[in-house]
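> Protein chains in written order, with this note's numbering: chain V, 3 to 158; chain F, 3 to 158. In this text, a Cβ means the ideal position worked out from N, Cα and C, and glycines have one as well. Pasting in a structure now, in structure tokens, and then I'll have a few things to ask.
There are 2 protein chains.
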Amino acid sequence: MRRDSRLSGVLHILLHMARQDGPTTSEEMAKAMDTNPVVIRRLMAGLRDHGYVRSERGHGGGWTLVCDLSTVTLRDIYTALGCPSLLAIGNRTEAPGCLVEAAVNSVLDESFRDAESLLLSRLGEVTLAMLSADVRRRLAARGRSRRGEKGTRRPT
Amino acid sequence: MRRDSRLSGVLHILLHMARQDGPTTSEEMAKAMDTNPVVIRRLMAGLRDHGYVRSERGHGGGWTLVCDLSTVTLRDIYTALGCPSLLAIGNRTEAPGCLVEAAVNSVLDESFRDAESLLLSRLGEVTLAMLSADVRRRLAARGRSRRGEKGTRRPT
DNA sequence: GCCTCATGTAACTAATGATGTTATATGATG
DNA sequence: CATCATATAACATCATTAGTTACATGAGGC
């Protein structure tokens with residue numbers, strides 16, 4: 003099954019925004035992520051509704067971060083995306099009439115719940131600020147390893 | 003995203019087989035699961051290749067359990083199905099050139115790995131025998147609660 | 001031997017959901 | 001008022017699971 007990459011994508015966007023002063027347009031983001039501006043706007047809509055970013059139209063418009071990165075977790079972002087389902091596998095039927103199937107559902111559901119809980123709590127432990135700091139670390143590391151080399155790339 | 007229910011389905015099948023003496027035909031299973039015999043055969047193919055069940059053609063043919071239920075775990079069954087992906091979400095790109103995306107991937111991958119590991123180990127803790135015992139318990143419980151009532155249903 | 005039953009498998013259809021694209025409306029700025 | 005940028009609907013695309021049809025293969029029963 004193909005995997006939903008909206009969380010990954012929206013985090014990518016937010017971190018790029020964090021490294022920029024003014025507003026960023028959907029056009030610019032789309033270019034950096036090699037996709038379409040409409041896709042960006044769709045991703046950002048939920049974040050705007052939750053007050054994590056602001057959008058402005060017209061000249062000099064675009065998207066701006068309006069939250070404290072140190073208090074927003076990846077789980078918050080996931081929630082803002084509408085809590086898409088985390089697991090790719092599930093039970094054939096909910097509330098089956100068949101007792102055999104009920105027994106299967108029971109044991110599988112328990113495992114599913116545990117895995118989902120763990121993932122959610124992991125996401126809840128990481129703030130956007132922590133992620134942003136990690137990006138800075140990585141940039142610094144690359145700067146060191148490339149010092150003196152030609153053609154150091156800037157992040158896309 | 004729609005969830006892959008093959009594990010759930012195949013467990014349902016196996017437990018029905020465990021409650022039956024002779025071989026069970028795909029036709030019968032399909033009827034019990036309200037689906038098509040071909041779907042059943044597709045599900046069972048992997049289990050046969052792993053030696054958990056045997057299939058026989060012709061008169062009196064069908065599917066038979068040929069493993070020790072107490073040594074086969076749900077994880078083994080999952081593996082026999084070809085290890086379908088467990089998570090519905092994932093990273094936009096593997097091995098991105100962009101450092102920002104690399105940072106996102108890194109933190110998300112870690113969480114994904116943890117959740118997958120937990121789910122797999124949970125599945126590894128449950129044997130088919132345990133599940134089968136649970137089915138018996140449930141049947142007994144229903145038998146008690148329905149004693150004297152009319153129209154007690156048999157499992158489908 | 002031949003008929004029937006059952007699996008084995010390929011090929012096609014349907015349904016679902018993420019992603020990409022086009023088109024049009026709305027609003028802000030100079 | 002022309003331009004820029006978001007807002008959103010509508011539609012196309014793609015991947016994947018599930019369901020269906022069709023035909024081949026092999027095992028008994030008679």
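1. Give me, in chain order, the residues of the same chain whose beta-carbon lies closer than 6 Å to that of serine 72 of chain V; leave out the 5 immediate sequence neighbours on both sides.
2. Under the rule that 16 or more other beta-carbon atoms within 10 Å means buried, what is alanine 142 of chain V, buried or exposed?
3. Mind checking isoleucine 15 of chain F: buried by the 16 CB within 10 Å criterion, or exposed?
4. Is there at least one Cβ from chain F nearer than 8 Å to glycine 92 of chain V's Cβ?
5. Given a limit of 8 Å on CB to CB distance, which residues of the stretch 104–126 of chain F reach chain V?
6. Let me confirm a value: asparagine 160 of chain F is counted as buried when at least 16 other C-beta atoms fall within 10 Å, else exposed. Which label applies?
7. Would a C-beta distance cut-off of 8 Å place leucine 67 of chain F and alanine 32 of chain F closer than the cut-off?
8. If we require 3 or more residues per run, which beta strand (DSSP E) segments fall completely within the stretch 44–104 of chain V?
9. Would you kindly work out how many angstroms separate the C-alpha atoms of aspartate 6 of chain F and methionine 3 of chain V, rounded to a whole number?
10. Since serine 3 of chain F is in the alpha helix (DSSP H), which residue starts that stretch and which ends it?
11. Just tell me which of V:Ser134, V:Arg140, V:Val41, V:Arg124 has its CA closest to the CA of leucine 88 of chain V.
12. At 7 Å on the CB atoms, spell out the chain V contacts of valine 74 of chain F, in chain order.
13. Please classify histidine 18 of chain V: is it buried, with 16 or more other beta-carbons within 10 angstroms of its beta-carbon, or exposed?
14. Serine 10 of chain V touches chain F at which residues, Cβ-Cβ below 9 Å?
15. Three or more beta-carbon pairs under 8 Å between the stretch 47–54 of chain V and the stretch 77–94 of chain V, yes or no?
16. Would you decide whether arginine 103 of chain F is buried or exposed? Buried here means 16 or more other CB atoms lie within 10 Å of its CB.
Quick answer:
1. Position 70 of the first sequence holds residue 72 of chain V. Thr129, Ala131.
2. To locate residue 142 of chain V, count along the first sequence from 1; it is residue 140. Answer is exposed; the Cβ neighbour count stays below 16.
3. For the purposes of this step, residue 15 of chain F is taken as the residue at position 13 of the second sequence. Buried is the call here.
4. As a first step, residue 92 of chain V must be located in the first sequence, where it is residue number 90. Chain F, which has a Cβ nearer than 8 Å to the Cβ of glycine 92 of chain V, makes this yes.
5. Ala104, Ala105, Val106, Asn107, Ser108, Val109, Leu110, Glu112, Ser113, Phe114, Asp116, Ala117, Glu118, Leu120, Leu121, Arg124, Leu125
6. Any question about residue 160 of chain F goes unanswered here, given that chain F covers just 3 to 158.
7. Residue numbering aside, residue 67 of chain F sits at position 65 when the second sequence is read from its first letter. Residue numbering aside, residue 32 of chain F sits at position 30 when the second sequence is read from its first letter. In this structure, alanine 32 of chain F does not lie closer than 8 Å to leucine 67 of chain F by Cβ.
8. 55–58, 64–67
9. The residue given as residue 6 of chain F occupies position 4 in the second sequence. The residue given as residue 3 of chain V occupies position 1 in the first sequence. If I take the Cα positions, the gap works out to 8 Å.
10. Working through the second sequence from its first residue, we reach residue 3 of chain F at position 1. Looking at the sequence provided, one finds methionine at residue 3 of chain F rather than serine. Taken as a continuous stretch (DSSP letters only), methionine 3 of chain F belongs to no alpha helix (DSSP H), as it is neither H nor E.
11. Mapped onto the first sequence, residue 88 of chain V falls at position 86. Nearest C-alpha to leucine 88 of chain V: V:Arg124.
12. Here residue 74 of chain F corresponds to residue number 72 of the second sequence, with the count starting at 1. Those do not exist, as valine 74 of chain F stays about 14 Å from chain V at its closest Cβ, beyond 7 Å.
13. Taking the first sequence and counting its residues from 1, the one referred to as residue 18 of chain V is at position 16. Histidine 18 of chain V should be labelled buried.
14. The residue labelled residue 10 of chain V in the question sits at position 8 within the first sequence. Residues of chain F passing the Cβ test: Ile91, Gly92, Asn93, Arg94, Thr95, Glu103, Val106, Asn107, Leu110.
15. yes
16. Counting from one through the second sequence, the residue named residue 103 of chain F turns up at place 101. The sequence given here has glutamate at residue 103 of chain F, not arginine. Counting Cβ neighbours within 10 Å, glutamate 103 of chain F comes out buried, since at least 16 surround it.
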